[in-house]
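See structure below.
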């Protein structure tokens with residue numbers, strides 16, 4: 001596989017010629033030409049193009065570490081897809097979002113833009129492997145994917161150059177789609193690095209210019225004292241008019257009164273965590289939550305995922321790698337070398353500033369660097385390295401080493417430990433009663449940000465001239481927890497090094513609103529099963545390294561993430577926001593979601609999810625839908641079906657797509673009118689019920705007057721009707737003769753569903769929208785390729801109710 005020259009699109013870098021430091025490993029997110037801040041109020045096209053090219057190259061460069069093409073088809077994690085998916089996925093997202101925003105008028109390759117559109121988000125750590133992980137699934141070749149990426153790159157550069165730029169760029173601007181693609185690519189730079197780090201070390205090679213951090217800095221970190229923080233009020237959230245890109249969950253505002261607490265000066269180190277492991281922490285059930293212990297037993301976990309012993313521990317890879325164990329020592333890849341230089345450091349210059357370009361060159365020297373040496377590091381080499389051989393660490397029996405990105409190193413005892421939420425929580429329990437993780441509100445307090453967001457970009461850490469933090473690939477790994485300066489209160493690494501797990505469930509802030517271009521980026525994760533991570537890591541760039549960044553993963557998930565110990569000093573309610581909304585999972589039902597922190601005796605704040613679609617998927621709402629569809633002789637879905645029959649001649653009857661199908665009586669009544677019917681709803685309970693009814697089952701429900709009733713279809717089968725739960729409209733939903741939309745009033749973001757209707761419906765087909773929205777309001781969201789035909793009033797429930805339908809034609 002080759003990386004192409006951005007100027008003439010010729011292949012110039014083969015895998016055998018690894019890129020040097022100037023290729024694209026170093027980058028600062030917000031620097032544009034002439035060292036001006038990349039401010040969306042007055043940015044230039046050149047800055048946008050530089051940032052795009054840097055994002056694209058940076059992600060591609062990571063995959064140069066794979067030794068052979070067949071490694072692209074391996075699954076480093078059994079719950080993730082093969083690497084080839086993630087290599088292509090980011091370029092596909094550019095196309096999908098830019099087509100939706102209107103900046104791109106045509107697709108590049110619909111087959112790719114469907115195949116590589118959607119990843120996986122497992123329901124649990126013991127989920128079955130996705131069907132796309134097996135050897136029978138046919139992925140395109142690496143060359144085909146690389147050709148696609150090259151084509152997309154050239155198209156986007158031309159789009160940037162040819163499209164008028166209207167400033168400022170806001171969330172309503174079509175240019176927001178380009179920013180979204182770039183920041184999405186930077187997310188996958190980080191998550192793909194985690195996957196590559198999980199590959200067998202024999203399958204990767206460290207690119208030239210990739211430099212790990214020093215093993216230690218100054219004196220070893222032997223203690224981790226707690227620092228007191230007095231009671232204070234804290235407000236966090238990103239203003240709508242802040243002139244940088246942000247994901248939907250960052251916007252809004254939350255204010256909390258934070259009781260007095262204390263937190264550890266440093267992130268918990270490998271040295272500290274080693275004591276927990278050696279004390280049998282992974283075998284003491286009383287230290288773990290019920291959920292965490294279940295994960296631990298399933299994975300046979302004996303130590304953190306990126307620790308390596310010689311005991312053949314069970315690995316977490318998938319498909320062909322499922323039997324592989326990382327826990328064996330291989331001296332060829334265990335050299336212990338960590339140069340201790342800032343990544344890409346050349347001629348005494350810190351490559352932290354790149355003018356938005358990917359060459360890593362700058363004439364400005366960082367004040368903390370001298371003659372190519374990092375502060376506290378001698379000649380760029382770590383003093384613990386002996387002849388390039390492994391020294392190991394063996395104070396209590398088992399030798400533990402450390403898996404960095406491309407090598408197995410001697411254990412860096414002063415680096416932060418990287419664990420999932422369950423492992424972090426077990427450590428807190430081991431440290432004694434009352435110990436826990438930070439809350440989101442507490443994390444915002446200890447950061448001690450100097451300026452409020454109202455002053456603009458200078459309030460954000462990624463806009464500072466001198467960023468003395470381990471972010472932006474300053475190093476190609478973590479660094480000692482005492483290496484970078486502390487805040488005034490004394491806390492180190494409040495940004496960067498590794499992410500901080502927190503106690504809070506992922507949820508929107510007050511006045512949360514999703515963005516129509518990526519309606520399901522955050523909201524499906526507002527389910528109480530995902531916990532917030534904050535602060536960024538050594539490989540976090542762009543928005544990920546921002547003060548406003550809020551990301552989340554399931555509690556069993558592995559990232560470059562660690563934690564800081566915290567402890568309340570008062571018996572007050574914790575400012576941790578935990579979701580108490582019941583979430584129904586199709587095929588599983590309502591999952592138990594115990595409050596992990598409450599199991600340890602803490603009082604917490606319970607809040608509803610800000611994803612209102614989960615609220616519509618509760619049992620009482622299901623009963624309401626069943627009553628509407630089965631409780632009347634002439635329900636609304638049958639009235640809609642009559643109109644569909646009237647227009648079938650004009651639209652054709654090959655296929656119908658019914659969006660907002662509820663429990664399915666409407667689509668079923670059209671089974672003999674259309675050859676194929678796709679019935680969609682976001683509600684898991686609704687689709688679950690429709691599938692039961694389709695199999696001939698009777699479903700009991702309670703009517704609004706309290707009486708019990710039974711719903712059932714007239715017949716069994718309806719094999720040409722397919723029911724699907726979808727939280728958005730992926731590209732696999734396309735080219736239907738007729739499209740019916742009936743649920744705008746209960747969607748989180750109606751515009752997100754309306755924006756794709758022109759692709760869902762084939763040319764010449766009809767779109768029937770049942771809603772209170774008038775023509776003018778709908779027209780603003782339907783955008784191009786649609787013409788208004790007229791409207792109809794629908795009388796139903798024996799004439800006691802009326803609904804309005806507008807009819808549109810796809811041109």
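Numbering (full-length UniProt numbering), first residue to last: 1 to 811. Just so it is clear, CB atoms sit at the ideal spot from N, CA and C, and this is done for glycine as well. This one's a predicted model, so the numbers in the text were calculated from it and none came from an experiment.
{"Query": "Which runs of the alpha helix (DSSP H) at least 4 residues long sit entirely within the stretch 230-259? Give them in chain order.", "Result": "none"}
{"Query": "With hydrogens ignored, establish whether the beta-carbon of residue 301 is closer than 8 Å to any heavy atom of the ligand GTP.", "Result": "This structure simply doesn't include the ligand GTP, nor any ligand for that matter."}
{"Query": "Taking only runs that begin and end inside the stretch 644-693, name each unbroken beta strand (DSSP E) of 3 or more residues, in chain order.", "Result": "655-659 and 676-681"}
{"Query": "List, from N- to C-terminal side, the alpha helix (DSSP H) runs of 4 residues or more that fit wholly inside the stretch 288-335.", "Result": "290-299"}
{"Query": "Please report the straight-line C-alpha distance between residue 779 and residue 499, rounded to a whole angstrom.", "Result": "43 Å"}
{"Query": "From the DSSP output, in three-state form, read off residue 405 for me.", "Result": "coil"}
{"Query": "Looking at the secondary structure, which residues open and close the beta strand (DSSP E) in which residue 708 lies?", "Result": "708-711"}
{"Query": "Which value, in whole angstroms, describes the spacing of the CA atoms of residue 206 and residue 224?", "Result": "32 Å"}
{"Query": "Assign residue 672 to one of two classes, buried (16 or more other C-beta atoms within 10 Å of its C-beta) or exposed (fewer than that).", "Result": "exposed"}
{"Query": "Contact defined as beta carbons within less than 8 Å: I believe residue 95 pairs with residue 108. What is the distance between those atoms, to the nearest angstrom?", "Result": "5 Å"}
{"Query": "Look up residue 762 in the DSSP assignment and say whether it is helix, strand or coil.", "Result": "strand"}
{"Query": "Between residue 542 and residue 501, what straight-line distance do the alpha-carbon atoms span, to the nearest angstrom?", "Result": "20 Å"}
{"Query": "In chain order, what residues of the same chain have a beta carbon less than 8 Å from the beta carbon of residue 89, not counting five sequence neighbours either side?", "Result": "116, 117, 119 and 188"}
{"Query": "Following the continuous beta strand (DSSP E) through residue 804, name the residue where it begins and the one where it ends.", "Result": "801-810"}
{"Query": "For residue 84, does the count of other Cβ atoms within 10 angstroms reach 16, so buried, or fall short, so exposed?", "Result": "buried"}
{"Query": "Taking three-plus beta-carbon pairs below 8 Å as touching, is the stretch 559-576 in contact with the stretch 526-539?", "Result": "yes"}
{"Query": "Tell me which residue opens and which closes the alpha helix (DSSP H) that residue 156 is part of.", "Result": "142-162"}
{"Query": "Using the Cβ count rule (16 or more neighbours within 10 Å means buried), how would you classify residue 791?", "Result": "exposed"}
{"Query": "Taking contact to mean at least 3 C-beta pairs separated by less than 8 Å, is the stretch 282-293 in contact with the stretch 261-273?", "Result": "no"}
{"Query": "Got a sec? Which residues, its chain only, sit under 8 Å from residue 647 by beta carbon, not counting five neighbours each side?", "Result": "738, 766, 768 and 807"}
{"Query": "Under DSSP, the alpha helix (DSSP H) around residue 187 begins and ends at which residues?", "Result": "176-198"}
{"Query": "Across the stretch 721-732 and the stretch 676-685, are there enough close Cβ pairs to call them in contact, namely three or more that are closer than 8 Å?", "Result": "yes"}
{"Query": "With a 10 Å radius around its C-beta and 16 neighbouring C-beta atoms as the bar for buried, classify residue 165 as buried or exposed.", "Result": "exposed"}
{"Query": "Mind pulling the beta strand (DSSP E) runs of 3 or more residues that sit fully within the stretch 575-615?", "Result": "577-579 and 605-607"}
{"Query": "Do residue 548 and residue 238 have their C-beta atoms closer together than 9 Å?", "Result": "yes"}
{"Query": "Look up residue 115 in the DSSP assignment and say whether it is helix, strand or coil.", "Result": "helix"}
{"Query": "Look at the alpha carbon of residue 314 and the alpha carbon of residue 308, and state the distance between them as a whole number of angstroms.", "Result": "11 Å"}
{"Query": "Considering only DSSP beta bridges, list what residue 552 is partnered with.", "Result": "532"}
{"Query": "Whose C-beta lies closer than 6 Å to the C-beta of residue 306 among residues of the same chain, with five residues either side of it excluded?", "Result": "403 and 418"}
{"Query": "Any idea what DSSP makes of residue 95, helix, strand or coil?", "Result": "helix"}
{"Query": "Taking residue 102 as the reference, which of 178, 471 and 675 has the closest Cα?", "Result": "178"}
{"Query": "How far does the beta strand (DSSP E) with residue 796 in it extend, from its first residue to its last?", "Result": "786-796"}
{"Query": "Out of 749, 158, 668 and 220, which one is the CA nearest neighbour of residue 412?", "Result": "220"}
{"Query": "Identify every run of the beta strand (DSSP E) within the UniProt domain \"Sulfatase-modifying factor enzyme-like\" (409-567), keeping only runs that are complete inside it and at least 3 residues long; order them along the chain.", "Result": "435-437, 499-505, 530-534 and 551-554"}
{"Query": "Nearest by alpha-carbon distance to residue 398: which of 162, 303 and 757 is it?", "Result": "303"}
{"Query": "Below 8 Å on the Cβ atoms is my contact criterion, and I expect residue 811 with residue 741 to pass it. Report the Cβ-Cβ distance as a whole number of Å.", "Result": "Contact flag wrong, Cβ pair sits at about 18 Å."}
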